[in-house]
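Below is one structure, written out as structure tokens; comments come after it.
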Amino acid sequence: MLEIAQIRNNKAKIIKGLKKRGVQEAESMIERVLEVDTKRKEIQGKHDNTLAESNQLAKQIGQLMKEGKKDDAEIVKGKTSSLKTESKALGENLSSIENELKQLLYNIPNIPNKDVPEGKSANDNVVIHEYGKTPQLHEGAKPHWDLIKIYDIIDFDLGNKVSGAGFPFYKGKGARLQRAMVNFFLDEAQSAGYNEVQTPILINEESGYGTGQLPDKEGQMYHATEDNLYLIPTAEVPITNMYRDVILDVKNLPVKHVGFTPCFRREAGSWGAHVRGLNRLHQFDKVEIVQVHHPENSYSALKDMCQHVQGLLEKLELQYRVLNLCGGDMGFTSAQTFDMEVYSAAQEKWLEVSSVSNFETYQANRLKLRYRDEDKKTQLLHTLNGSALALPRVLAAILENNQTPEGIKIPEVLVPYTGFEWIN
RNA sequence: AGAGGAGUGGCAGAGUGGUCGAAUGCGGCAGUCUUGAAAACUGUUGUACCGCGAGGUACCGGGGGUUCGAAUCCCUCCUCCUCUGCCA
10 MLEIAQIRNN KAKIIKGLKK RGVQEAESMI ERVLEVDTKR KEIQGKHDNT LAESNQLAKQ
70 IGQLMKEGKK DDAEIVKGKT SSLKTESKAL GENLSSIENE LKQLLYNIPN IPNKDVPEGK
130 SANDNVVIHE YGKTPQLHEG AKPHWDLIKI YDIIDFDLGN KVSGAGFPFY KGKGARLQRA
190 MVNFFLDEAQ SAGYNEVQTP ILINEESGYG TGQLPDKEGQ MYHATEDNLY LIPTAEVPIT
250 NMYRDVILDV KNLPVKHVGF TPCFRREAGS WGAHVRGLNR LHQFDKVEIV QVHHPENSYS
310 ALKDMCQHVQ GLLEKLELQY RVLNLCGGDM GFTSAQTFDM EVYSAAQEKW LEVSSVSNFE
370 TYQANRLKLR YRDEDKKTQL LHTLNGSALA LPRVLAAILE NNQTPEGIKI PEVLVPYTGF
430 EWIN
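Here the working numbering = 1-based position in the first sequence + 9.
See the structure below:
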């Protein structure tokens, strides 16, 4: 979330930023926050004063008791009761206003960075880079939802039976290809200096708030209510939360982690004809990269992360493009996001396979993830993450783009991992 | 899952109702000494909020309670350890 001090000191800039995102009521939102914060300060001041007075009297009583002046102590005790009711009322008042302030802040998204284009929707995203050529498919080429049946490598019906829609089984060479991609992505990240972690895939409420899935995406996560745990929608959540309430030593920066996890998304209300097959699932596999940086370096890190993802796509010989997301299409917590999309020749459309974002201090403020500057003052760090990569749509593109009348050709870089060159 | 024990500052560890934000040791930082380093010695060393400042407030696993006053007593939740049981 945004820092109150930032909002107060850069009000105009913040409002402008929110408008770039399409937040209509930006002014009133910010005014309300400042108003509530001013009230908070006022009440805290009063509360602190009554407590100071009570503490003072309590000390006096202690002193008198020690000296054996019980009667005097009783007299002082009499003075405390009104203070007590007063401070209790102020305390309740304070916590309710603090809560209100927190809720307000939770509902303000991050401010887009200056290079984020204006725009309302996905149509306004800006293509900043394109790579590769559209493959010429043979006569009778098919979309992946047909191919997986022909070669019996992914089974949605079986998934329907055992779990439900959006939970496919991967079978035989399909399963093996999945595992090959995971290992390939992990190895590539390792070579790029990312430290691999295996994380829990259920997280508690605090972690959900830490990275911003809560309260923003409450309904999008699977919730194990018995234990109040959430299934992760992305490895970003457990990995970034490793650093919740941490003050990092500058000499240990940057932090770079990679983790492979299944991801779970309810995708409530986002189903339609355009999301057939592997295009949208409730459970999918993803290799995620996460970095923690000194504020000065976060944008060059963002660039590096994009380069890493693009390198993966190039090695997989996929046609792709990079989008600079516009203000209206960015995620709630992001300051700038680049999406990578691969082209599916059989579906004749672009599929998002990666989203790389810099959250600046937005997550760090919720996480209380900090470093010490030269004056030993604590300052917020910057967090970043990106998919490298999400598997299903990459798989869909590989199946569709590499299909031939003889079968599906496995990209060369994956062959050492699959142990086979063809699915046929 | 049952029984018992425990959670204190970066770490170790004292503190069982009153001046305790918390002894002491280690570690860290600054300085003295030294050509330099080590050792020794001296000082310093948690976080957040309010306040121009002086200063104030909160925090001893989390939350709640008792009390004029809680690290200390009570309730509750969480985590860890030991034993028993169960299990990949």
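Positions of the beta carbon are idealized from the N, C-alpha and C atoms, including for glycine.
Span separating the alpha-carbon of residue i from that of residue j
i	j	result
residue 332	residue 112	32 angstroms
residue 287	residue 362	12 angstroms
residue 355	residue 274	26 angstroms
residue 77	residue 70	10 angstroms
residue 259	residue 380	6 angstroms
residue 435	residue 249	Nothing can be reported for residue 435: it is not among the residues displayed for the chain, which extend from 10 to 433.
residue 308	residue 164	41 angstroms
residue 427	residue 179	14 angstroms
residue 96	residue 90	10 angstroms
residue 196	residue 21	45 angstroms
residue 310	residue 300	8 angstroms
residue 217	residue 150	43 angstroms
residue 34	residue 262	38 angstroms
Where residue i sits in the DSSP three-state scheme
i	result
residue 208	coil
residue 76	coil
residue 256	strand
residue 198	helix
residue 397	strand
residue 273	strand
residue 181	coil
residue 294	strand
residue 384	coil
residue 97	helix
residue 424	helix
residue 215	helix
residue 284	helix
residue 117	coil
residue 406	helix
Presumed contact (8 angstroms Cβ cut-off) between residue i and residue j, rounded CB distance
i	j	result
residue 271	residue 212	No, residue 271 and residue 212 are not in contact; Cβ-Cβ is about 13 angstroms, not under 8 angstroms.
residue 266	residue 203	6 angstroms
residue 62	residue 99	Their Cβ separation, rounded to whole angstroms, is 12 angstroms, which puts residue 62 and residue 99 out of contact at 8 angstroms.
residue 121	residue 31	The pair is not a contact, with the Cβ atoms about 10 angstroms apart (cut-off 8 angstroms).
residue 346	residue 365	7 angstroms
residue 175	residue 290	5 angstroms
residue 371	residue 11	7 angstroms
residue 43	residue 16	7 angstroms
residue 257	residue 390	7 angstroms
residue 420	residue 326	5 angstroms
residue 119	residue 344	5 angstroms
Bridge partner(s) assigned by DSSP for residue i
i	result
residue 347	333 and 365
residue 106	Beta-bridge pairing links residue 106 to no other residue.
residue 353	358
residue 379	256 and 389
residue 164	178
residue 417	412 and 432
residue 245	Answer is none; residue 245 lacks a bridge partner.
residue 300	265 and 393
* Is the number of C-beta pairs between the stretch 122-135 and the stretch 330-338 that are closer than 8 angstroms three or more? -> When Cβ pairs closer than 8 angstroms are counted between the two stretches, the stretch 122-135 is seen to touch the stretch 330-338, the count reaching three or more.
* Taking three-plus beta-carbon pairs below 8 angstroms as touching, is the stretch 402-411 in contact with the stretch 342-354? -> Below 8 angstroms, enough C-beta pairs join the stretch 402-411 and the stretch 342-354 to call them touching: three or more.
* Asked: Is the stretch 143-154 in contact with the stretch 374-391, if contact means three or more CB pairs nearer than 8 angstroms?
  -> Short answer: they don't touch.
* Asked: Is it true that the stretch 39-57 meets the stretch 94-114, where meeting means three or more beta-carbon pairs spaced less than 8 angstroms apart?
  -> yes
* Asked: Would the stretch 93-104 and the stretch 53-62 be scored as touching if the rule is three or more Cβ pairs under 8 angstroms?
  -> yes
* Cβ contact (3+ pairs, closer than 8 angstroms) linking the stretch 385-401 and the stretch 291-298 -> yes
* Asked: Does the stretch 140-149 come close enough to the stretch 410-430 to have 3 or more Cβ pairs within less than 8 angstroms?
  -> yes
* Asked: How do the stretch 156-172 and the stretch 223-238 stand: do at least 3 beta-carbon pairs fall below 8 angstroms, yes or no?
  -> no
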